[in-house]
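J.: Let me give you the structure first, and then I'll get to my questions.
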Amino acid sequence: MSIEPEQAMEQVYDVLIIGAGPAGSTAAIYTARAELSTLVVHRGLGTGAASMAERIVNYPGIPEEITGDELVRRMHAQAESFGAQFVQDAILTTDLKSEPKSASGNQGYYRARSIIIASGAMGRGEQVAGEENLVGRGVSYCATCDGAFYRDEVVAVAGNHNEAVEEALLLTRFAREVHLLAQTPELRADPHLVQEISSHDKVTVHLATRLLGVVGDDEVTGIRIRPRGQGERTLDVSGVFIYLQGRVPITDFVDDQLERSETGCIQVGPMMETTIPGVFAVGDLLCNHLKQLVVAAGDGAMAARAAERHISGRERLQPDWH
Ligand SMILES: Cc1cc2nc3c(=O)[nH]c(=O)nc-3n(C[C@H](O)[C@H](O)[C@H](O)COP(=O)(O)OP(=O)(O)OC[C@H]3O[C@@H](n4cnc5c(N)ncnc54)[C@H](O)[C@@H]3O)c2cc1C
């Protein structure tokens, strides 16, 4: 059930989940099903990575094409059917060590005995011109997800690190031609990847080249680039995969309560537990994590189980197979 912030402030919940993408929503399905009072705070439908996915075909059990938005809506409905409550608000600060734990948003102050952080990694700073309007229509952040839609087409990848190079290599399986744009004068990827991409006959590597913008009205038709020391020019491509600055984990409301990497990601143990008892983290905001819906959902299930154990006083957090 969707409720107003004032209503959510009236009680101390068993579980507060920050984020309602596949990670947070799945956690809510499990905690609510376990009869734990569950509040999910999220920034609204359409705000997470899942909601930006226009065509999902790799979520198990759903062979037909589905939008991320629809998939997330179904997860919300499922969690709500078990009694989870959803409130729309943006969390700004948290107190993870207090009992109960608390989180403050733009509109409310929420309390719970345990917290599951599931706010994703769509915190990338600046976008390039034209990018926002064409997400899902030629702009992508995931070749693993969308690469097959570009069979025999010309695509570009922007980024200079391992992830960008690996994704560019993956795209060579589908695309006719792949342009890799690195802002830096050299690639900052592992040497074997640099060697592989540099010698690949489908790939053109553009070093010291900035992505200035994405061109297209209803779908991507090209990108504007500027090689260092030269003028701007346009490359005709039908897809551009952007890995600039990574996808920044949204964990600013955690401050220094939890250790975060330079990029803001959170490390967890096998049951998604953080270093603070009763606080769990799941989904795209984790370090070294495969950013996929099914993984995020699996994380959510694990964290829900661990939260249930924390609340019932059974602190043994080992997975069941131990
Ligand atoms: C364009 C695109 C296409 C993709 N395609 C696929 C695909 O085909 N298959 C696949 O498996 N994966 C795909 N992915 C990856 C997949 O979407 C992510 O791995 C997955 O959504 C991660 O789930 P999550 O719950 O961790 O985060 P998200 O889905 O990003 O959800 C984050 C949630 O946190 C909330 N939130 C953020 N900040 C706050 C805050 N301060 N306060 C409260 N709430 C907050 C948001 O409102 C949102 O509800 C795609 C991603 C993109 C961007």
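Residue numbers for the sequence shown follow our numbering, beginning at 1 and rising by one. Yeah, the Cβ is synthetic: ideal placement off N, Cα and C, and Gly gets one too. On a predicted model such as this, the values are computed, not experimentally measured, just so you know.
Would you mind listing the alpha helix (DSSP H) stretches within the segment 106-174 that are 4+ residues and don't spill past its ends, in chain order?
T.: Entirely contained in the segment 106-174, the alpha helix (DSSP H) runs reaching 4 residues are, in chain order, 143-146, 162-171.
J.: Within the segment 19-97, note down every full beta strand (DSSP E) run reaching 3 residues or more, in order along the chain.
T.: Entirely contained in the segment 19-97, the beta strand (DSSP E) runs reaching 3 residues are, in chain order, 38-42, 85-88, 91-95.
J.: Do HIS42 and GLY19 have their C-beta atoms within less than 8 Å of each other?
T.: Cβ distance < 8 Å, so HIS42 and GLY19 count as in contact.
J.: For GLY108, is the beta carbon positioned less than 7 Å from some heavy atom of ligand 1?
T.: GLY108 Cβ: outside cutoff for every heavy atom of ligand 1.
J.: Straight-line CA distance for ALA90 to ALA79?
T.: Their Cα atoms are separated by approximately 20 Å.
J.: Less than 6 Å between C-beta atoms, sequence neighbours within five positions excluded: which residues of the same chain meet that for LEU134?
T.: Within the same chain, LEU134 has close Cβ partners VAL214, GLY216, VAL220.
J.: Going by DSSP, which residues form a beta bridge with ALA103?
T.: Paired residues: THR94, TYR110.
J.: Near ALA32, which residues of its chain fall below 7 Å by C-beta distance, leaving aside the five closest residues on each side in sequence?
T.: Contacts found: THR38, ALA79, PHE82, GLY83, ALA84.
J.: Give the DSSP bridge partners of VAL178, in chain order.
T.: According to DSSP, VAL178 bridges with VAL155, VAL203.
J.: Counting only the same chain and skipping the five closest in sequence on each side, list residues whose C-beta sits under 7 Å from that of ALA148.
T.: PHE174.
J.: Nearest by alpha-carbon distance to PRO227: which of ARG210, GLY239, ARG111, GLY123 is it?
T.: That would be ARG210, whose Cα lies nearest to the Cα of PRO227.
J.: Since VAL139 and LEU180 are thought to touch, with beta carbons under 8 Å apart, how far apart are those beta carbons, to the nearest angstrom?
T.: Incorrect: roughly 16 Å between the Cβ atoms, too far for contact.
J.: Please report the residue range of the alpha helix (DSSP H) in which GLY298 lies.
T.: Per DSSP, GLY298 belongs to the alpha helix (DSSP H) from 293-311.
J.: Suppose you measure from the CA of LEU293 to the CA of SER25; what does that come to, to the nearest Å?
T.: Taking the straight line from one Cα to the other gives about 11 Å.
J.: What residues are listed by DSSP as bridge partners for PRO227?
T.: PRO227 pairs with THR209.
J.: Please find out if some non-hydrogen atom of ligand 1 comes closer than 7 Å to the beta-carbon of MET52.
T.: Yes, ligand 1 has a heavy atom inside 7 Å of this Cβ.
J.: Got a sec? Which residues, its chain only, sit under 6 Å from VAL87 by beta carbon, not counting five neighbours each side?
T.: Closer than 6 Å at the Cβ level, and outside the excluded window around VAL87, lie ILE3, PRO5, ALA8, VAL41.
J.: Between the Cα of ALA27 and the Cα atoms of GLY105, GLY222, GLU65, ILE117, which residue gives the shortest distance?
T.: Nearest option by C-alpha distance: ILE117.
J.: Does the beta-carbon of ARG233 have 16 or more other beta-carbons within 10 angstroms, so that it is buried, or is it exposed?
T.: Per the 10 Å Cβ criterion, exposed.
J.: To which residues does DSSP link GLU273 through a beta bridge?
T.: For GLU273, which the question treats as bridged, DSSP gives the partners PHE280.
J.: For my contact list, ILE197 and VAL240 are in at a C-beta cut-off of 8 Å; report their separation, rounded to the angstrom.
T.: Contact flag wrong, Cβ pair sits at about 17 Å.
J.: Any heavy atom of ligand 1 closer than 7 Å to the Cβ of CYS142?
T.: CYS142: yes, Cβ under 7 Å from ligand 1.
J.: Does the segment 266-284 come close enough to the segment 298-315 to have 3 or more Cβ pairs within less than 8 Å?
T.: Short answer: they touch.
J.: Verify whether the separation of the beta carbon atoms of PRO22 and ALA121 is less than 8 Å.
T.: Not in contact: PRO22 and ALA121 (Cβ atoms no closer than 8 Å).
J.: Looking at the secondary structure, which residues open and close the beta strand (DSSP E) in which LEU235 lies?
T.: From DSSP, the beta strand (DSSP E) with LEU235 extends over 233-236.
J.: For HIS192, is the classification buried or exposed, using 16 other Cβ atoms within 10 angstroms of its Cβ as the cut-off for buried?
T.: So HIS192 ends up on the exposed side.
J.: Tell me the DSSP secondary structure of VAL248 in three-state form.
T.: In this structure, VAL248 counts as coil in the three-state DSSP scheme.
J.: If you measure from the CB of ASN288, is any heavy atom of ligand 1 nearer than 7 Å?
T.: No - ligand 1 has no heavy atom lying nearer than 7 Å to the Cβ of ASN288.
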